[in-house]
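Peer 1: Just so we're on the same page, the working numbering is the position in the sequence shown counted from 1, plus 54.
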Amino acid sequence: MTIDLGVPGAGELGETVGVLRDWQSDEAPMQLHPGDVGWFCRSGAARTAAALRTWRRGGRILAVGLLDGGRLLRLATAPDARRDEELARRIAADITAPERGVLPAGRVNVEAPAGSLVQELLAGSGWLLDEPWTPLRRDLSEPVPEPAVRIEVVGPERAAVRAAVQRASFDGSTFTEEHWHAMASGVAYRDARCLLAYDDEGAAVAVVTVWSAGPGRPGLIEPMGVHREHRGRGHGTAVTVAAAAALRELGSSGALVCTPSANRAAVATYRAAGFRPCPAVNDRYRQG
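1. Just to confirm the assignment, what range does the beta strand (DSSP E) spanning G273 have?
2. Are the Cβ atoms of P1 and A168 separated by less than 7 angstroms?
3. May I have the straight-line CA-CA distance separating V280 from G89, to the nearest angstrom?
4. Based on the DSSP secondary-structure assignment, which residues constitute the bridge partners of P62?
5. What did DSSP end up calling P269 once you bin it into helix, strand or coil?
6. In whole angstroms, give me the CA-to-CA distance for A103 and W187.
7. Run the CB neighbour count on P201, radius 10 Å, all protein chains shown included, and call it buried at 16 or more, exposed below.
8. Check whether the region 248-266 touches the region 206-213, taking contact to mean three or more Cβ pairs, one atom from each stretch, closer than 8 angstroms.
9. Check whether the region 310-327 touches the region 220-233, taking contact to mean three or more Cβ pairs, one atom from each stretch, closer than 8 angstroms.
10. On the criterion of 16 or more Cβ atoms from any shown chain inside 10 Å, does Q85 qualify as buried, or is it exposed?
11. Give the secondary structure of D80 by DSSP, where H, G and I count as helix, E and B as strand, and everything else as coil.
12. Can you grab the Cα-Cα spacing for the pair A297 / V156, in whole Å?
13. Tell me the start and end of each unbroken alpha helix (DSSP H) in the region 105-151 that is at least 4 residues and wholly inside, in chain order.
14. Leaving out five residues before and five after W57 in sequence, what residues of the same chain have Cβ atoms less than 8 angstroms from its Cβ?
15. Report the rounded CA-to-CA distance for L59 versus R107, giving the unit in angstroms.
16. Grab me the residues of G63's own chain with a C-beta within less than 7 angstroms of its C-beta, minus the 5 sequence neighbours each way, in chain order.
17. Would N409 and L183 be called neighbours here (beta carbons separated by less than 7 angstroms)?
18. Pick helix, strand or coil for P88, following the three-state DSSP scheme.
19. Sort A130, D80 and A320 by Cα distance to G72 and report the nearest one.
20. Tell me the DSSP bridge mates of T102?
21. Name the residue from W265, V241, L301 and E231 whose alpha carbon lies nearest to the alpha carbon of P197.
22. Scan the region 207-278 and note each continuous beta strand (DSSP E) run of 3 residues or more that stays entirely inside, going in chain order.
23. Quick check on L194: does DSSP put it in helix, strand or coil?
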């Protein structure tokens with residue numbers, strides 16, 4: 055059977071998110087998570103579906119790609135297809151040819167699971183390693199301590215506050231209350247929570263969104279941010295501990311996060327919250 059490249063419709067988002075859930079495990083390498091698609095849903099279901107690519111054989115999805123920002127393709131593969139030669143060669147061919155509608159001409163990046171045959175094929179055809187990222191994991195088999203700040207689960211009535219803290223945490227962020235509602239109405243958000251952290255004076259100082267992949271599978275933190283006017287006071291560590299506790303309540307086996315290795319403050323924050331750094335990973339890029 056041949057392998058077919060497709061773009062799912064908005065009505066197929068549930069199927070795509072479902073297979074991504076099934077592919078997550080504590081033994082798997084860091085790869086595209088259903089939470090990544092859930093966070094992208096802030097742009098709406100139609101735009102999210104248009105950014106997805108699926109590779110199928112005989113109707114079964116073997117790989118999913120998310121075109122993030124227009125020039126980065128983030129990949130995940132079925133566990134039994136990570137070394138599938140036919141699949142890997144088809145993906146490599148599709149991402150190399152702009153006319154196939156996966157990646158445009160010019161400089162582009164691909165984030166593929168460590169140990170996948172796609173990684174090796176790209177390396178062999180001249181794709182270079184980009185800056186390293188550090189994945190971090192926290193085991194959730196044991197209870198998580200209470201966070202050192204007051205935590206509130208965000209509902210529709212607090213969406214404006216959650217959006218404001220997001221914008222104050224990330225330079226250039228355009229996240230709005232409307233984006234939160236679009237994300238919260240997405241298919242992946244039924245297994246997600248947004249948390250706000252407050253200081254002793256009642257100010258909202260940090261925000262985090264967590265995404266479960268279902269009971270017994272690792273969940274994802276995406277994103278976590280601390281208001282620029284309230285940094286250096288341990289709020290990032292506190293809200294990250296709260297994120298781990300929320301994922302444990304959702305049945306997650308562990309918590310995952312990935313941050314640029316050069317962002318030492320972020321790595322230190324996650325380590326202080328009980329996360330263990332894993333070997334660095336790299337995107338691969340082509341100059342065009």
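All residues carry an ideal CB built from backbone N, CA and C; glycine is no exception.
Every value quoted in this text rests on a predicted model; they were computed, and no experiment measured them.
Peer 2: Walking through what the data contain:
1. Residue range G273 to V280 is occupied by the beta strand (DSSP E) that includes G273.
2. The first residue shown for the chain is 55 and the last is 342, placing residue 1 beyond what the model contains.
3. 20 angstroms
4. BP columns for P62 are empty, so no partner.
5. Three-state DSSP puts P269 in coil, outside helix and strand.
6. 26 angstroms
7. Answer is buried; the Cβ neighbour count reaches 16.
8. Under the 8 angstroms Cβ criterion, the region 248-266 counts as touching the region 206-213, having at least three qualifying pairs.
9. no
10. buried
11. D80 sits in coil when the DSSP states are folded into three classes, being neither helix nor strand.
12. 34 angstroms
13. 139-150
14. As written in the sequence, residue 57 is Ile, which differs from the Trp given in the question. Correct list, in chain order: W109, R110, R111, L116, E140, L141 and R144.
15. 7 angstroms
16. A103
17. The first residue shown for the chain is 55 and the last is 342, placing residue 409 beyond what the model contains.
18. helix
19. Proximity to G72 across A130, D80 and A320 peaks at A130, based on C-alpha coordinates.
20. In the DSSP assignment, T102 is bridged to no other residue.
21. L301
22. 246-252 and 258-265
23. coil
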